[in-house]
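Read in order, the letters of the sequence shown are residues 1 to 359 in UniProt numbering.
Note that the Cβ used here is the ideal one computed from N, Cα and C, for glycine as well.
A short worksheet on the structure shown next.
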Amino acid sequence: MLETLFRLNKVGTSVRTELLAGLATFLTMAYITVVNPAVLSTEGTGMEFGAVFTATIIAAVVGTLIMGLWANWPVALAPGMGLNAYFTFTVILSDGYSYQQALAAVLVAGIVFVILSVTPARKYIINSIPKSMKLGVGAGIGLFLAIIGFQNAGVIVDNPATLVGLGDVASWPVLLAGLGFIIMAVLDKRGIPGSIIIGILAVSIIAWISGAGGSTLSGVVGSVPSPEHAFQLDFSVLATGGFIGIAFAFLFVDFLDTAGTLTSVANLTDRINEDGEVEDIDRALLADSSATVIGALAGTSNTTSYIESGAGVKEGGRTGLTAVTVALLFAACLGLAPLAQSVPAFATAPALIFIATYF
């Protein structure tokens, strides 16, 4: 059955290889189950950590299953970094929209993305965007993530005169955040899968033991939090003057991110034909855009294809079975909400800074 569904022999892979590849991909992106809820539930957004935790996993599981079972790509999906920060700090906290309005904007962007994915327009859009603009968007997102990470770590603080000032760099939260970044960088340099989640857990454990920053471990396993933000959409945002700009930003960055990730994976898996076109990219784009729609309905920002999928590809992953494996591992995390909620902000801060270096 697996051979019929995923065509394993055709691409020269095996069930064992695909399962190991899925594990590698999961380890490199498992951090999103902690970081995305932490970002979206920032004070002032009105969103609750547990609800976003569940929404994050729902979006990741459903989106990745679609990518694996229908598109047969070894690519995993989850709410995207950068877009979640824009959703939180720009749309809600800066522009003053409610999270319900922001989710409605994400849904509209996702629907437009779906329409683009099933029309020839997608090729023209991908090819018409200048390389300098693609690089500029990535650099801007990276800087945005970095400053949020430094703020969460306590390295920089608000200053009424200069907007930002230097925090107490000798405090335990700052020192532990620095340690976390070093752990992530060293492990990543050595090619060890899961460098980011290992760094987050290492800092969290030290914080729980020492009580740094008032950190405590409230539990490990518990009931699945209710996705109370699901279907909480306020379409009054469509009548506001800033809607088009917000929806376009969600769509543009998501489209660029997805196209770049899929092209990179296609290069690694020999999915580019003699004419330089990516094979089956229409299915992959439709899977990705559908995941954004599902994520918005579940209660989270844009869901997108993860470049971390390259870790699984490097381990030999070539088919959708890799993606299905990742989806099942994400589903297994649903009961770990108490553990995720106990992770202090300064433990996820180095993850934001480290991820920023990839943009």
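About 7 Å separates the beta carbon of residue 284 from that of residue 67, a gap short enough to meet the 8 Å contact definition. According to DSSP, residue 165 shares a beta bridge with 157. For residue 78, the enclosing beta strand (DSSP E) stretches over residues 77 to 79. Here residue 277 is exposed: its Cβ has fewer than 16 other Cβ atoms, across all protein chains shown, within 10 Å. The beta carbon of residue 293 is closer than 7 Å to those of 107, 110, 111, 114 in its chain, skipping five residues each way along the sequence.
Cβ-Cβ distances below 7 Å link residue 46 to 98, 99 in the same chain, with the five nearest sequence neighbours on each side left out; the list follows chain order.
Two segments are said to touch when three or more pairs of C-beta atoms, one from each, lie closer than 8 Å; by this definition the stretch 49 to 62 touches the stretch 293 to 302.
Within the stretch 267 to 295, no run of alpha helix (DSSP H) at least 4 residues long lies entirely inside it. Put simply, of 310, 35, 178, 273 the residue whose alpha carbon is nearest the alpha carbon of residue 191 is 310. Nearest Cα to residue 37 within the set 356, 349, 23: 349. Bridge partners of residue 4 according to DSSP: none are assigned. Rounded to the nearest whole angstrom, the C-alpha separation of residue 158 and residue 165 is 6 Å. Under the DSSP assignment, residue 305 falls outside any alpha helix (DSSP H), being part of the beta strand (DSSP E) whose first and last residues are 303 to 305. Cβ atoms of residue 256 and residue 137 come within 8 Å of each other, at about 6 Å. Taking the CA atoms as reference points, residue 122 sits about 43 Å from residue 204.
DSSP, reduced to helix, strand and coil, places residue 231 outside both helices and strands of the structure shown, so it counts as coil. Just so you know, the alpha carbons of residue 13 and residue 306 end up roughly 22 Å apart. Residue 16 counts as exposed, since fewer than 16 other beta carbons sit within 10 angstroms of its beta carbon.
Selection 172, 339, 143 evaluated against residue 218 yields 339 as nearest (Cα-Cα). A Cβ-Cβ distance of about 14 Å is found for the pair residue 304 and residue 263, leaving them out of contact under the 8 Å criterion. In this structure, residue 102 sits near residue 91, with a CB-CB distance shorter than 8 Å. Looking only at 56, 35, 21, 210, the smallest Cα-Cα distance to residue 228 is reached by 56. In this structure, DSSP gives residue 104 a helical state, which the three-state scheme calls helix. Assignment of residue 224 by DSSP, reduced to helix, strand and coil, places it in the coil class.
Annotation for residue 246: 91, 95, 97, 102, 105, 237 place their beta carbon closer than 8 Å to its own, counting only its chain and skipping 5 residues before and after. In the displayed model, residue 43 falls within coil according to three-state DSSP, outside both helix and strand. Counting of Cβ neighbours within 10 angstroms places residue 141 among the buried residues, the total reaching 16 or more. In this structure, residue 343 sits near residue 200, with a CB-CB distance shorter than 8 Å. Sorting 23, 5, 281, 354 by C-alpha distance to the C-alpha of residue 312 places 23 at the top. With respect to the 8 Å criterion, residue 330 and residue 61 are classified as neighbours on the basis of their beta carbons. Taking all protein chains in view, the Cβ of residue 86 is crowded by 16 or more other Cβ atoms within 10 Å, so the residue is classified as buried.
Only exposed fits residue 332, as fewer than 16 other CB atoms lie within 10 angstroms of its CB.
Taking C-alpha positions only, residue 18 is separated from residue 48 by approximately 35 Å. In this structure, the CA atom of residue 40 is about 16 Å from the CA atom of residue 147.
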